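Inspection log for the structure reproduced underneath, given as C-alpha cells.
Protein chains: 2
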Amino acid sequence: MVYRQTENATKRLADKRARILAAARDLVADGGWAAAQVDHVAAKAGVATGTVYRHWSSKAELCAEIVATVSAREVGIVKAVADADGSPVEKLDAAIRTFASRALRGRRLAYALIAEPVDPEVETVRLDYRAQLARCLERILREGIMRGAFPRLDPAVAAACIVGAFMEALVGPLAPAKGTGPRADRHLIEQITQFCLRASVGMTEQKA
Amino acid sequence: MVYRQTENATKRLADKRARILAAARDLVADGGWAAAQVDHVAAKAGVATGTVYRHWSSKAELCAEIVATVSAREVGIVKAVADADGSPVEKLDAAIRTFASRALRGRRLAYALIAEPVDPEVETVRLDYRAQLARCLERILREGIMRGAFPRLDPAVAAACIVGAFMEALVGPLAPAKGTGPRADRHLIEQITQFCLRASVGMTEQKA
DNA sequence: TCAAGGAATGAACTATGGTTCACAGTTTGA
DNA sequence: TCAAACTGTGAACCATAGTTCATTCCTTGA
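Order-wise, the sequence lines are chains A and B.
Letter by letter, the first sequence follows residues 1 to 208 of the working numbering.
Letter by letter, the second sequence follows residues 1001 to 1208 of the working numbering.
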C-alpha cells in the first residue's frame, strides 16, 4: 500500500540519468556547449524537457557534471603518469604525449572542457580541471628542477605555458583542420611534445 | 534648400561614432564581451540605444570593429619587430616580450581579443588576428630554421604553441591573479619569454 | 485489481538582450 | 524664418533558450 522504491526502480532511474548525461556529453562533444540546449539533450536522450530537471536542478549543474566526470578521468590518467617511476624528463614526455593523444581523439570535447568559456558555475569546475592538470605538470617540473635536470624556471608559469601550448596547438582555432588523419595527428603530437620538452629541459634530441 | 552634409556635421557624426566605439571598447576591457550590451554601451557613451544602430547595423559589427581596431595596432607592432634587423633569436625574443608586456597592460581586453569566444561574426575577425600573430612568429621561426639557429621544428605548430603559451600564462585563467604589481609582471614576462625561447632555440642563457 | 504516490510530460511561462520604428529634435540652404 | 532632410530617442517588439507545473502515466504492495 505504501509506495517504496524497489531496487529495480532505482536502477531505472539511474539509467535514465546516465542516458541523459551521455546524450549531453555527446552533444557537447561535437557542437560545444552551444549545442547542448536542454531541449536537444532531452530529445537526444529520448525524454521530455522537464525530465532533465528531475535529475539536475539547472542546466548549469548538468554541464558541471559533464565537466567533472570527463575531466576526472583525464586528470587521473595524467596523474598516474606523473606518479609513475622514471626520470622527470621521461615523465613530462609521457604526460604531454598521453594527454595530447587522448585530446586528439575528441577534439571538440577537449576544447569545450579546457578552453571554451561557459557560464560561471561550469567555469568554476572547468577551471579546477585546468588547474589540476597544470599542477600535475608543475609537480614533475619541480622534481626536475630539484634534481638539476631542468633549468631554474618558474614551475607555475611553465606549467601554464605547457597547458596553453598544447591546448592551442591541439584543439584551439589555430590547430590544423579536423580530419587530417592519423599520420598528421602523430606529427602534431610529436611536435608539441618536443616543443614543450625543449622549453622545459633546454634541449632534446629529435625523435622522429 | 537641399540638405547637404557640411564638414562640421560629418565631424560631429564621426565623433559620436568614435565615442560609442570607445565606450564599447572600455566595457569589453573590463568586463569582457558579456559587459558590452548595447544598452550599456549606449548609456556609457551618453546616447540612446537606437543611436548605436545608426552607426552599425548590428551589435556583431560593432564588436567586430573593436577587435579589428585594437588588434590591427597590436599586430602592427609585432610585425614591425619581426621585420626589424637582428638575428632570429633576438627578433623572437623581442616579439614575445613586446606582445606580453602590452597584453599585461590590459589583461581583460587581451583575453577578450585572443581567447574569449563570441558570436561567429566576431569570431572570424578575432581568428584572423590570432592567425596573423601566429604568422608573424612563424616567419621568424622559418628564418631561424633556415639559418640553422633553430632546430628543425614545424614552424606552424610551434607558432601555435607560442601563442597558446603566452595567452594562457598571461591572460588565461591560470594566470596569476590581477593586481600583482609591476615586479610580478616583469617576472612573468621574463619567464614566458624564456620558456618560448628555450622551446624554439633549444637553449638559452638565464637573463634574470 | 486497485489505490497511493513517485516519475514523465511538454506546453506555457519567463528572463535576457538584440533590434526596430514612429516620432521629436536639429541642421542646412534659401 | 521655413521646409526639407538628417539624426536621436527609447519604449515596444521579437527571438532564443532556460525553467515551471498541472496533468497524465507507471510502479508498488496489498
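Ideal Cβ placement from N, Cα and C applies to all residues, glycine included.
Bear in mind that the values here come from a model prediction, so they are computed numbers and not experimental data.
Restricting attention to 1145/B, 1090/B, 1070/B and 1081/B, the CA atom closest to the CA of residue 1103/B is found in 1070/B.
Residue 66/A has a beta carbon lying at 8 Å or more from every beta carbon in chain B. Residues of the same chain with a CB within less than 7 Å of the CB of residue 1060/B, apart from the 5 flanking positions on each side, are 1119, 1121 and 1122 in chain order. By alpha-carbon distance to residue 131/A, the top candidate from 151/A, 105/A and 161/A is 161/A. Three or more Cβ pairs drawn from the segment 17-24 of chain A and the segment 47-63 of chain A lie within less than 8 Å of each other, which places the two stretches in contact.
187, 188, 191, 192, 194, 195, 196, 198, 199 and 200: these are the residues of the segment 181-200 of chain A whose beta carbon lies less than 8 Å from some beta carbon of chain B, given in chain order. If you check the CB distance, residue 29/A and residue 106/A come in under 8 Å.
Cβ-Cβ separation between residue 1192/B and residue 1158/B: approximately 15 Å, too far for a contact (criterion under 8 Å). Judged by beta-carbon spacing, residue 32/A lies beyond the 8 Å limit of residue 152/A, meaning their Cβ atoms are not closer than that value. Against chain A, the CB of residue 1161/B has a partner CB under 8 Å away; the residue lies at that interface. Per DSSP, reduced to three states, the secondary structure at residue 1094/B is helical. When C-alpha distances from residue 1111/B are compared across 113/A, 62/A and 117/A, the shortest belongs to 117/A.
Using a CB distance cut-off of 8 Å, residue 1074/B does not count as an interface residue toward chain A. Against chain A, the CB of residue 1146/B has no partner CB under 8 Å away; the residue lies outside that interface.
If you check the CB distance, residue 199/A and residue 136/A do not come in under 8 Å. Counting every other CB atom within 10 Å of its CB across the protein chains shown gives residue 100/A a total of 16 or more, marking it as buried. When Cβ-Cβ separations below 8 Å define contact, residue 157/A makes contact with chain B. When secondary structure is reduced to three states using DSSP, residue 117/A falls in the coil class, being assigned neither helix nor strand. Linking residue 1041/B to residue 1126/B through their CA atoms gives a straight-line distance of about 20 Å. A straight-line Cα-Cα distance of about 25 Å links residue 75/A and residue 1196/B. Residue 1172/B belongs to the set of residues whose beta carbon lies under 8 Å from a beta carbon in chain A. Assigned with DSSP and collapsed to three states, residue 164/A falls in helix. DSSP places residue 131/A within a helical segment (H, G or I) once states are collapsed to three. For residue 47/A, there is no enclosing alpha helix (DSSP H), as DSSP marks it with neither H nor E. Against chain A, the beta carbon of residue 1153/B has neighbours under 9 Å at 191, 194, 195 and 198, listed in chain order. In this structure, the alpha-carbon of residue 84/A lies about 15 Å from that of residue 138/A. Of the residues 24/A, 57/A and 171/A, the one whose Cα lies closest to the Cα of residue 67/A is 24/A. With at least 16 other beta carbons inside 10 angstroms of its own, residue 1168/B counts as buried. Apart from the 5 residues on each side of it in sequence, residue 1035/B sits with its Cβ closer than 6 Å to the Cβ of 1027 in its chain, given in chain order.
If you ignore the 5 residues before and after residue 1038/B, its C-beta comes within less than 7 Å of the C-beta of 1049, 1052 and 1059, all in its own chain and listed in chain order.
Straight across, the Cα-Cα distance linking residue 1008/B with residue 1114/B is about 37 Å.
Residues of chain B whose Cβ lies closer than 8 Å to the Cβ of residue 169/A are, in chain order, 1157, 1160, 1161 and 1164. For residue 194/A, the three-state secondary structure derived from DSSP is helix. When C-alpha distances from residue 1185/B are compared across 1163/B, 1097/B, 1134/B and 1090/B, the shortest belongs to 1097/B. Any Cβ of chain B closer than 8 Å to the Cβ of residue 31/A would place that residue at the interface, and such an atom is absent. In summary, the residues of the segment 116-143 of chain A whose CB is separated from some CB of chain B by less than 7 Å are 116, 117, 127, 130, 131 and 134, in the order they occur in the chain.
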